[in-house]
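Protein chains in written order, with the numbering used here: chain Y, 1 to 140; chain L, 1001 to 1140.
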DNA sequence: TCCGCCGGTTAGACAGAGTCCAATACTGGC
DNA sequence: GCCAGTATTGGACTCTGTCTAACCGGCGGA
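1) What first and last residue would you give for the beta strand (DSSP E) that runs through residue 84 (chain Y)?
2) Pick helix, strand or coil for residue 39 (chain Y), following the three-state DSSP scheme.
3) Residue 1008 (chain L) and residue 1063 (chain L) look like a contact to me (Cβ under 8 Å); what is the Cβ gap, rounded to whole Å?
4) Can you confirm whether the region 1051–1065 of chain L touches the region 1022–1033 of chain L when touching is taken to mean that 3 or more C-beta pairs between the two stretches lie within less than 8 Å?
5) How big is the Cα-Cα spacing for residue 1126 (chain L) and residue 1087 (chain L)?
6) Report all residues from its chain with a CB closer than 8 Å to the CB of residue 1001 (chain L); omit the five preceding and five following residues, and keep chain order.
7) Using three-state DSSP, classify residue 1067 (chain L) as helix, strand or coil.
8) In this structure, does DSSP put residue 1009 (chain L) in helix, strand or coil?
9) By DSSP, does residue 23 (chain Y) sit in helix, in strand, or in coil?
10) In or out: residue 10 (chain Y) buried (at least 16 other Cβ within 10 Å) or exposed?
11) Short of 8 Å Cβ to Cβ, which residues in the region 1107–1118 of chain L face chain Y?
12) Comparing C-alpha positions only, which one of L:1111, L:1109, L:1098, L:1071 sits nearest to residue 105 (chain Y)?
13) Which residues in chain Y have a C-beta closer than 8 Å to the C-beta of residue 1124 (chain L)? List them in chain order.
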């Protein structure tokens, strides 16, 4: 794991390795808070500030992606292959959609002087029986 | 404007009408805070709580849409025709993309027991010269 | 060995968006 | 005009994320 960080130009401190371990061993979507909890679960030793610093660093170095989907919290995604998401507006859970099958056609040209930074597709879903969507996210 | 609210099953109180006026007269994207400011620009007449209550109500009644694009604040969109967005990650500005030309192909079937609630496409852009963004998402 | 540098970490204060609550004001139907 | 139910309100509160200033520790140089 330390090597993986080194390969991405990140000096592998103890804390960073712990955080990377949480992110990459279980290939899931995490909030900063969940990572803070997971890392400190056994016996605690990473601060909130470091978690935020480290996540920001990992995003910069493209080890993870930041997902803006839930109005209340940012989610970090250790899967950096191109993909999109199903978002269950009731439970708040995310499911990956591999991008290689997906094709988007008919997008207009970018505004002048701009270049694309990425295309995100979010398919919002809800359980069949659920009355309707009023408020997103009801975690757990 | 009162009629427009009544037509959507909303009793048109003064506050709601004021808020609706801000949203629909200028056809732009607004944050809750901007609306609070706009409505109270002349002299204070609507409280923060009411702005949030009303926006939530309007979303429920489908007079406006909620856009989750910026990590720090929700944006409300008075344009309810199907459309997507360019998002300038540097300036934060949003531009509409009419949906009628856009076609998405190859999406996998929904997870079992789920129905789609909508598909959002966000094309993140940045100015040509801008040194790259530390911010959101980097697919493709 | 000792020293000083410097990147990394930290606690806790802080900021901003949004929610909650209990009291009060208003609206609409009669 | 009265009343019941609905809407509004200020203010306290929560939560996520940021900032700051102190501190820690590894490493190179003398």
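A virtual CB, placed ideally from N, CA and C, is assigned to each residue, including glycine.
Per the coordinate set shown:
1) 83–88 is the extent of the beta strand (DSSP E) around residue 84 (chain Y).
2) Assignment of residue 39 (chain Y) by DSSP, reduced to helix, strand and coil, places it in the helix class.
3) Between residue 1063 (chain L) and residue 1008 (chain L) the Cβ distance is about 6 Å, and since that is below 8 Å, they are a contact.
4) Because the criterion of three Cβ pairs below 8 Å is met, the region 1022–1033 of chain L and the region 1051–1065 of chain L touch.
5) If you draw a straight line from the Cα of residue 1126 (chain L) to the Cα of residue 1087 (chain L), it comes to about 8 Å.
6) Result list for residue 1001 (chain L): 1012, 1017, 1020, 1021, 1024, in chain order.
7) Three-state DSSP puts residue 1067 (chain L) in a strand.
8) Taken through DSSP and simplified to helix, strand or coil, residue 1009 (chain L) comes out as coil.
9) The answer is helix: DSSP assigns residue 23 (chain Y) an H, G or I state.
10) So residue 10 (chain Y) counts as buried.
11) The region 1107–1118 of chain L vs chain Y, Cβ under 8 Å: 1107, 1108, 1110, 1111, 1113, 1114, 1115, 1116, 1117, 1118.
12) Closest by alpha carbon: L:1098.
13) By Cβ distance, chain Y contributes 116, 117, 118, 119, 120.
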